[in-house]
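J.: Please find one structure pasted underneath; my questions will follow.
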Amino acid sequence: MQNRRGFLLTAVTGVVAMALVVGTVIADELLGVLTKVDAEGKKVTVVEKDTDKEVVVKITDDTVQVTKKGEVKVDLEKLDGFVKKVQEAGKKGITVKVTHEKGVASKIEFQKKKKAAQ
Numbered sequence: 001m002q003n004r005r006g007f008l009l010t011a012v013t014g015v016v017a018m019a020l021v022v023g024t025v026i027a028d029e030l031l032g033v034l035t036k037v038d039a040e041g042k043k044v045t046v047v048e049k050d051t052d053k054e055v056v057v058k059i060t061d062d063t064v065q066v067t068k069k070g071e072v073k074v075d076l077e078k079l080d081g082f083v084k085k086v087q088e089a090g091k092k093g094i095t096v097k098v099t100h101e102k103g104v105a106s107k108i109e110f111q112k113k114k115k116a117a118q
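So the sequence shown is numbered by this note's numbering: it starts at 1 and just counts up by one.
Shown next, in the form of structure tokens:
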């Protein structure tokens with residue numbers, strides 16, 4: 001009897017572990033350039049790195065932005081101003097990595113370009 005309980009406990013633990021691993025793998029990562037911010041519609045447009053395809057990602061109240069100080073809630077008004085400032089400087093937009101699931105962003109990380117070795 002004790003042997004069956006041990007097997008059942010091991011099997012259940014394995015299933016739970018697999019569910020956790022699969023759950024984190026489902027979220028997609030989108031690498032590209034943030035070109036547009038729609039603050040009213042709570043959406044951002046990212047041009048994918050390799051395909052140059054525009055992808056619209058929805059922003060929710062749970063979406064966080066990774067900064068030097070840690071994770072903070074996304075402020076679309078500030079982000080829109082930052083994107084416009086970068087575009088006025090002659091760049092296409094901001095290089096970002098967006099973690100999303102089914103087009104709904106959970107995390108936005110700004111990617112810093114590595115400086116060339118001197």
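We put the CB at the ideal spot given by N, CA and C, even for glycine.
#1: Could you tell me the distance, in whole angstroms, from the CA atom of residue 61 to the CA atom of residue 13?
#2: Would residue 65 be called buried (16 or more neighbouring beta carbons within 10 Å of its own) or exposed?
#3: Please classify residue 70 as buried or exposed, where buried requires at least 16 other C-beta atoms within 10 Å of its C-beta.
#4: Check whether the Cβ atoms of residue 47 and residue 76 lie closer than 8 Å to each other.
#5: Roughly how many whole angstroms lie between the Cα atoms of residue 5 and residue 15?
#6: What first and last residue would you give for the beta strand (DSSP E) that runs through residue 96?
#7: Which residue marks the beginning of the beta strand (DSSP E) containing residue 65, and which one marks its end?
#8: Figure out for me which residue from 102, 90, 74, 93 has the closest Cα to the Cα of residue 42.
#9: Does DSSP put residue 60 in a helix, a strand or coil?
T.: According to the data block:
#1: Translated into the one-based positions of the sequence shown, residue 61 becomes position 61. Translated into the one-based positions of the sequence shown, residue 13 becomes position 13. One C-alpha to the other measures close to 33 Å.
#2: As a position in the sequence shown, residue 65 is number 65, starting the count at 1. With 16 or more other Cβ atoms within 10 Å, it is buried.
#3: Counting from one through the sequence shown, the residue named residue 70 turns up at place 70. The residue in question, residue 70, is exposed, as its Cβ has fewer than 16 Cβ neighbours within 10 Å.
#4: The residue you call residue 47 lines up with position 47 of the sequence shown. The residue you call residue 76 lines up with position 76 of the sequence shown. Between residue 47 and residue 76, the CB-CB gap reaches or exceeds 8 Å.
#5: Taking the first residue of the sequence shown as position 1, residue 5 is located at position 5. Taking the first residue of the sequence shown as position 1, residue 15 is located at position 15. Going by the C-alpha atoms only, they are around 15 Å apart.
#6: As a first step, residue 96 is located in the sequence shown; it is residue number 96 there, counting from the start. Element bounds for residue 96: 94-101.
#7: Within the sequence shown, the letter at position 65 stands for residue 65. Start and end: 64-67.
#8: Within the sequence shown, residue 42 is the residue found at index 42, counting from 1. It is 74.
#9: Here residue 60 refers to the residue found at position 60 when the sequence shown is read from its first residue. If DSSP states are grouped into helix, strand and coil, residue 60 belongs with coil.
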